[in-house]
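Engineer:
Number of protein chains: 2
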Amino acid sequence: MHLNIKEPTTRNAKNTFEQIEKAAIKLFYKKGYHGTTVKDITSEAGVAAGTFYLYFPSKVVLYKHILTSFSHNIRKHIAEKVAQKTSRLDKEKEGIKAFILYAKKNPEMYNIIWESLYIDRELFRDYYESFAIRYVNGLEKAKRNQEIRDVDSEIMSFILMGITNFIGLKVVFDLGQDNDDIEHIVDGVLDLLKNGLFTK
Amino acid sequence: MHLNIKEPTTRNAKNTFEQIEKAAIKLFYKKGYHGTTVKDITSEAGVAAGTFYLYFPSKVVLYKHILTSFSHNIRKHIAEKVAQKTSRLDKEKEGIKAFILYAKKNPEMYNIIWESLYIDRELFRDYYESFAIRYVNGLEKAKRNQEIRDVDSEIMSFILMGITNFIGLKVVFDLGQDNDDIEHIVDGVLDLLKNGLFTK
Chain H
1 MHLNIKEPTT RNAKNTFEQI EKAAIKLFYK KGYHGTTVKD ITSEAGVAAG
51 TFYLYFPSKV VLYKHILTSF SHNIRKHIAE KVAQKTSRLD KEKEGIKAFI
101 LYAKKNPEMY NIIWESLYID RELFRDYYES FAIRYVNGLE KAKRNQEIRD
151 VDSEIMSFIL MGITNFIGLK VVFDLGQDND DIEHIVDGVL DLLKNGLFTK
Chain Y
201 MHLNIKEPTT RNAKNTFEQI EKAAIKLFYK KGYHGTTVKD ITSEAGVAAG
251 TFYLYFPSKV VLYKHILTSF SHNIRKHIAE KVAQKTSRLD KEKEGIKAFI
301 LYAKKNPEMY NIIWESLYID RELFRDYYES FAIRYVNGLE KAKRNQEIRD
351 VDSEIMSFIL MGITNFIGLK VVFDLGQDND DIEHIVDGVL DLLKNGLFTK
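Structure follows, in structure tokens:
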């Protein structure tokens, strides 16, 4: 996605850019995208109102920039953890754990990603479609290596995204019990992936 | 949740009430809760502006009423389908299928439920927490009947809600392939629940 952003070049400009970004994440989380004005953002960032437009042509472009950054950071964070493992089983376990820990550390993540549904429906579609495509690639490789059964990789990618997202929701929103015991929760997921749910 | 709504009693009043409800669902879906005013709703419903307040003290109360109705209708729709089956395996299959078909028929469902996150975070928590509690009861029963393995029912309830929600997203947002073949998609989920993902 090409965004019409003027990237900062000097150290001062970079600081300002980051202050605006940080203020926007905080306010979008707290008051929502629609409840936050550009003026709220510059005021929270402690910069002059006009400064915003030196970098971003509009609030929606800043939002898209933040969404892209989250998407990039989550993937990078997961990819780094997963790369340390060799088997698909360990990669899956590490990936799910990395996602949950990232979500726990960045509780504003769900709010900001899902708010795309109310800002531009296509952003929401793109986000999950591109996440699914990467997942499918990993599953296809695991299939070739006979590490996983011969499943429909695309359906499985949505199943696994769903599991990870809702387990993450449970932890971030502290729904039910055991939310401090991430290992136990991840083991619960792995148990299903290894053994299924039903008795034979 | 007690809502301070004045229920309509006459047939005319019921019609008006339903027109307001229908108009709000349409506009919340199209323009979002924050982008929709009470005046937009009465105008779309074709009723006088003041009529709104005969039934609802505020926009948020109408939103809560709609969220509660969706929640109630989804559960009722699923429960009816599930009740026709005896084994937990068939119940699970029927429940997932019923959810997806409901979501497909009511594509505004995701928008309206998830928007609670931006209206009142507690509504969002309550929605999933109460859904999970019902799910846990069903799983505990299946465990006692030895139909499912001895899993952590609470973790499993979030896993299953996640699977169902994201498979539903795939269908409603037409992400990837096979979205007209609901049977194939549900079979993909059941295959995981029966056999797990990994080769032994």
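Note that the protein sequences, when read in sequence, are chains H and Y. What the first sequence shows, in our numbering, is residues 1 to 200, in sequence order. What the second sequence shows, in our numbering, is residues 201 to 400, in sequence order. Just so you know, even glycine gets a beta-carbon here, dropped at the ideal spot from N, CA and C.
Compute the distance between the beta-carbons of residue 219 of chain Y and residue 247 of chain Y, then report whether it is under 8 Å.
Structural biologist: Contact annotation: residue 219 of chain Y and residue 247 of chain Y have beta-carbon atoms nearer than 8 Å.
Engineer: Give the interface partners of residue 161 of chain H over in chain Y, defined as CB-CB distance under 7 Å, in chain order.
Structural biologist: 366
Engineer: DSSP state of residue 173 of chain H, grouped into three classes?
Structural biologist: coil
Engineer: So residue 349 of chain Y is in the alpha helix (DSSP H); what residue range does that whole segment cover?
Structural biologist: Taken as a continuous stretch (DSSP letters only), residue 349 of chain Y belongs to no alpha helix (DSSP H), as it is neither H nor E.
Engineer: Hey, residue 368 of chain Y and residue 279 of chain Y: beta-carbon distance below 8 Å or not?
Structural biologist: no
Engineer: Under a CB-based cut-off of 8 Å, is residue 356 of chain Y close to chain H?
Structural biologist: yes
Engineer: By Cβ distance below 7 Å, which residues in the same chain neighbour residue 11 of chain H in space, the five residues on each side in sequence not counted?
Structural biologist: Here the set comprises nothing.
Engineer: At a CB-CB cut-off below 9 Å, which residues of chain Y make contact with residue 141 of chain H?
Structural biologist: By Cβ distance, chain Y contributes nothing, its closest Cβ being about 14 Å from residue 141 of chain H, past 9 Å.
Engineer: Just tell me which of H/124, H/34, H/173 and H/161 has its CA closest to the CA of residue 318 of chain Y.
Structural biologist: H/34
Engineer: Determine which residues share a DSSP beta bridge with residue 198 of chain H and list them.
Structural biologist: For residue 198 of chain H, which the question treats as bridged, DSSP gives the partners Y/348.
Engineer: For residue 203 of chain Y, which of helix, strand or coil comes out of DSSP?
Structural biologist: coil
Engineer: Out of Y/265, Y/393, Y/331 and Y/347, which one is the CA nearest neighbour of residue 286 of chain Y?
Structural biologist: Y/347
Engineer: What residues from the region 214-237 of chain Y come within 7 Å of chain H, judged by C-beta to C-beta, listed N to C?
Structural biologist: 232, 234 and 235
Engineer: What's the C-alpha gap between residue 212 of chain H and residue 358 of chain Y?
Structural biologist: This structure cannot settle anything about residue 212 of chain H, because the visible part of chain H is limited to 1 through 200.
Engineer: So, using beta-carbon positions, are residue 145 of chain H and residue 396 of chain Y closer together than 8 Å?
Structural biologist: no
Engineer: For residue 213 of chain H and chain Y, any beta-carbon pair shorter than 8 Å?
Structural biologist: Look at the range of chain H in this structure, 1 to 200, and you will see that residue 213 of chain H is not part of it.
Engineer: Looking at chain Y, is there any beta carbon in it that lies within less than 8 Å of the beta carbon of residue 118 of chain H?
Structural biologist: yes
Engineer: Between the C-alpha atoms of residue 222 of chain Y and residue 230 of chain Y, what's the straight-line distance to the nearest angstrom?
Structural biologist: 12 Å
Engineer: Would you mind telling me which residues of chain Y sit closer than 8 Å to residue 52 of chain H, beta carbon to beta carbon, in chain order?
Structural biologist: Taking the beta carbon of residue 52 of chain H as reference, no residue of chain Y falls within 8 Å; the closest one sits roughly 21 Å away.
Engineer: Which parts of the region 266-326 of chain Y are runs of the alpha helix (DSSP H), unbroken and 4 residues or longer, counting only runs that do not cross its ends?
Structural biologist: 288-305, 308-314 and 316-319
Engineer: With 16 as the cutoff for other CB atoms within 10 Å, does residue 353 of chain Y come out buried or exposed?
Structural biologist: buried
Engineer: Counting contacts by CB-CB distance shorter than 8 Å, is residue 104 of chain H in contact with chain B?
Structural biologist: Protein chains in the displayed structure are H and Y, and chain B is not among them.
Engineer: Nearest chain Y C-beta to residue 76 of chain H closer than 8 Å, yes or no?
Structural biologist: no
Engineer: What are the residues of the region 379-397 of chain Y that lie near chain H, defined by any Cβ-Cβ distance shorter than 7 Å?
Structural biologist: Across the region 379-397 of chain Y, CB contacts with chain H closer than 7 Å involve 385, 388, 389, 391, 392, 393, 394, 395, 396 and 397, in sequence order along the chain.
Engineer: Should residue 177 of chain H be flagged as near chain Y, meaning a C-beta pair shorter than 8 Å?
Structural biologist: yes
Engineer: Kindly say whether residue 328 of chain Y, judged by its beta-carbon, lies nearer than 8 Å to any beta-carbon of chain H.
Structural biologist: Chain H, which has a Cβ nearer than 8 Å to the Cβ of residue 328 of chain Y, makes this yes.
Engineer: Might you give, ordered along the chain, the residues of its own chain that have their beta carbon closer than 7 Å to the beta carbon of residue 372 of chain Y, omitting 5 neighbours on each side?
Structural biologist: Annotation for residue 372 of chain Y: 303, 304, 307 and 310 place their beta carbon closer than 7 Å to its own, counting only its chain and skipping 5 residues before and after.
Engineer: Tell me the rounded alpha-carbon separation between residue 386 of chain Y and residue 361 of chain Y.
Structural biologist: So the alpha carbons of these two residues sit roughly 14 Å apart.
Engineer: Distance check for residue 364 of chain Y and residue 324 of chain Y, CA to CA, integer angstroms please.
Structural biologist: 17 Å
Engineer: Are the CB atoms of residue 301 of chain Y and residue 382 of chain Y nearer to each other than 8 Å?
Structural biologist: yes
Engineer: At a Cβ threshold of 8 Å, is residue 96 of chain H touching chain Y?
Structural biologist: no
Engineer: Give me the subset of the region 260-287 of chain Y whose CB atoms are less than 7 Å from a CB atom of chain H, sorted by chain position.
Structural biologist: Residues of the region 260-287 of chain Y with a C-beta atom less than 7 Å from some C-beta of chain H do not occur.
Engineer: In chain order, what are the residue ranges of uninterrupted alpha helix (DSSP H) at least 4 long that sit wholly in the region 207-261 of chain Y?
Structural biologist: 211-231, 238-245 and 252-255
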